[in-house]
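Chains as they are written, first to last, in our numbering: chain A, 1 to 407; chain B, 1001 to 1407. Idealized CB from N, CA, C, for every residue including glycine. Since this is a predicted model, take the numbers as computed values, not measurements. Data block below; observations after.
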């Protein structure tokens, strides 16, 4: 078997229909709709899939998220490589608004694409793939390639993590402005993975809880507060370079140009919060609820005077000045998952997602400080967790997610 | 106690902040945003809340759904009346893009509105309320007012109903083009209900699975097929009058101008479906997958020749000609609820919602025929169910959901 399976073989092997596809090239006869009243994404330009960095990190946040973690079930590293290659080819197509493959091929075979996104705009779709610490065990010979920054996250005070919402060998973050388009990615990735990897957990999200672009108004989280006022902005190349992209300092050259993704499923105790007094809610955050202005200031973007903020307020403890100047790029989404059958209360909150170039300097110490002191802790529970090494971008046709790791 | 609590008292009583509110009137000092980059709903005109019929039935389908069923825990019919009044006042405000009440009142009280929708457009929000069969027991003296058409749905072959996803004394359907706006309704209704009713189950949905307006392209369901081609269209007043609105034939005058809502949570066995051959998939529906054209026809909207459709195909069994000419107004949404922890497979499908003026003539016989014969049954499971009597519209300030029922 060659060290690098041919791209033509990727989807064919994964889907059991070798020869049907010519991956990477042009259309499949399924015309991409040029206008569709049913596409909430409208006619925004597609986000380029190929590039130095993976899309979906410094990309201004879209409105919808589908996140999935997979566990690799195969022990054959070639099967894993083939799957990652097929995922890359499929992601490139979907980001351009194309189906993964033809729906109508021959009657006596399954359609290559599941079809529910036919006629929908790509709606600024991005697909971002990362590798969890568990991938670097002895199954695939990758132990020596595990980056030092890809730590096992420590237990934080107050964690009540559900293993069915945590970890995973692989992570896929799909974001777009259309929930059907985002789900289509996870479903087709799961299908391509069949025989090689299985879904471990998934989470849908909506709304932006953090503004990641200067042109975006700061959205509100499900506690009703503006969230992300002082987030790193995608346009601020200096901060993105300094805090997000892995550079020459890494011990693993395959991670240069990549980043580290931390995901935390943070359930909000909605009913308790909603019964809390306005003054207490504002003391918890250190901001006014309606305007978003920090205490003693008039407007949302006025500089924070930390001396006027309660010592256990969230924005005081999370501020870069309280954390040695460290920042993270937050890219979280709200979630609502119905009712907790044990308590009868709403299971809703924040799927916290943050990108950074070294969680040992960034997420871990920030979260240790928050977990120990944050007034917000009374109203939240961390119920899921993951850390993933996100390799650099897929550069061109023929490249694929993590090719340098397996090279 | 007066037979009709004052509207001023509704929200105050429900929220424990009597006197803060002047319900029904103008703004609360929280300005409604006139432009917001963060609102996926854009600047569409709000859907009027007051009217002859409740909005959210013949309203062209919005893109997002939050459905909630409540159980009444109080035995005090006045508390139930007060809650329905407060719900009506709150729904009117939210449909107009206003918060339920002020966020900033006094520091030592909880905000009246939870705040997460501040600054968002109403995004064509509609709020539709219905009453389940269980409300008409002997708790509230309503037994004699139960409409004959509000039957206990029979067990259908293949049902695997989860009681935690079925039934309920009350049902609230919130639809808009913004998931944060739709969730805001359910959350604030639950808050207003505190002490009177509790959430029984909730379900989020996305995408339209049925086109309910002639100006809407037919969306695709999660099986990848166009769904709703021959649905009743909101603009077709004759069909809506004939099949949807309750008229003079009802045994309960309070239901005139109302309708009956059937909800079924239909899980799709995604993995089995995706492995099925194209020809089999098309035989199940009786349509081509890509074009949506019925068999032997070229285009989606070409008339169906039932003689060319397999006898167990879904569109043949569901067609009005197979059901004595009966039609229903479908208004369903796709759902994805992560992974079934028992099987590791995706829990995704259709939250089927249909409106009609007599389920005894419409949904029940249609579903009996489908449950017995539909080729689709191999790939779906009905996991939740409900039937609700949806009273006519709230006519004006001072009226409320079901006032004539309790009058």
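Contacts around residue i, its chain only, beta-carbon distance under 6 Å, and the 5 residues preceding and following it disregarded
i	result
residue 1222(B)	1268, 1334 and 1348
residue 1143(B)	1136
residue 316(A)	286, 306 and 309
Closer than 8 Å to chain B by CB, residue i
i	result
residue 338(A)	yes
residue 191(A)	yes
residue 108(A)	yes
residue 289(A)	yes
residue 96(A)	no
residue 104(A)	yes
residue 62(A)	no
residue 344(A)	yes
residue 279(A)	yes
residue 187(A)	yes
For residue j and residue i, believed in contact at Cβ under 8 Å, the rounded distance
i	j	result
residue 1171(B)	residue 1384(B)	That pair is no contact at about 12 Å.
residue 243(A)	residue 357(A)	6 Å
residue 65(A)	residue 182(A)	6 Å
residue 1061(B)	residue 1212(B)	5 Å
residue 133(A)	residue 97(A)	Actually they do not touch by this definition, with Cβ atoms about 35 Å apart.
residue 71(A)	residue 198(A)	6 Å
residue 1293(B)	residue 1329(B)	Their Cβ separation, rounded to whole angstroms, is 24 Å, which puts residue 1293(B) and residue 1329(B) out of contact at 8 Å.
residue 254(A)	residue 405(A)	5 Å
residue 274(A)	residue 1110(B)	6 Å
residue 63(A)	residue 177(A)	5 Å
residue 1402(B)	residue 1391(B)	5 Å
residue 91(A)	residue 168(A)	18 Å between Cβ atoms; not a contact.
residue 1229(B)	residue 1290(B)	Actually they do not touch by this definition, with Cβ atoms about 14 Å apart.
residue 408(A)	residue 174(A)	The first residue shown for chain A is 1 and the last is 407, placing residue 408(A) beyond what the model contains.
CB contact below 8 Å: residue i versus chain A
i	result
residue 1173(B)	no
residue 1199(B)	yes
residue 1270(B)	yes
Chain B contact residues for residue i, given Cβ-Cβ distances below 8 Å
i	result
residue 148(A)	Within 8 Å Cβ-Cβ: nothing; residue 148(A) doesn't reach chain B, min ~32 Å.
residue 239(A)	By Cβ distance, chain B contributes nothing, its closest Cβ being about 21 Å from residue 239(A), past 8 Å.
Contacts around residue i, its chain only, beta-carbon distance under 7 Å, and the 5 residues preceding and following it disregarded
i	result
residue 1203(B)	1067, 1265, 1335 and 1351
residue 320(A)	326 and 327
residue 318(A)	366 and 370
residue 360(A)	149 and 151
residue 162(A)	383 and 384
residue 1087(B)	1129, 1189, 1192 and 1401
residue 1220(B)	1226 and 1227
Residues near residue i in its chain [Cβ-Cβ closer than 8 Å; skip 5 each side]
i	result
residue 364(A)	151, 153 and 154
residue 1395(B)	1050, 1051 and 1052
residue 55(A)	47, 48, 49, 95, 126, 127, 128 and 393
residue 1240(B)	1058, 1232, 1234 and 1329
residue 1271(B)	1345 and 1346
residue 322(A)	306, 316 and 369
Listed by chain order, chain B residues near residue i by CB distance under 7 Å
i	result
residue 399(A)	Those do not exist, as residue 399(A) stays about 27 Å from chain B at its closest Cβ, beyond 7 Å.
residue 275(A)	1110
Interface partners of residue i on chain A, CB under 8 Å
i	result
residue 1231(B)	Near residue 1231(B) there are no residues of chain A at all, since even the closest Cβ is about 14 Å away, more than 8 Å.
residue 1341(B)	164
Residues that residue i contacts on chain A, provided the C-beta gap is smaller than 9 Å
i	result
residue 1334(B)	116, 179, 180 and 183
residue 1220(B)	38, 115, 116, 117, 118, 119, 120 and 180
residue 1224(B)	103, 111, 113, 114, 115, 116, 117 and 118
Proximal chain A residues relative to residue i, where beta-carbon distance stays under 7 Å
i	result
residue 1206(B)	179 and 180
residue 1202(B)	338 and 339
Residues of the stretch 130 to 160 of chain A whose Cβ lies closer than 9 Å to any Cβ of chain B, in chain order: Residues of the stretch 130 to 160 of chain A with a Cβ closer than 9 Å to any Cβ of chain B: none.
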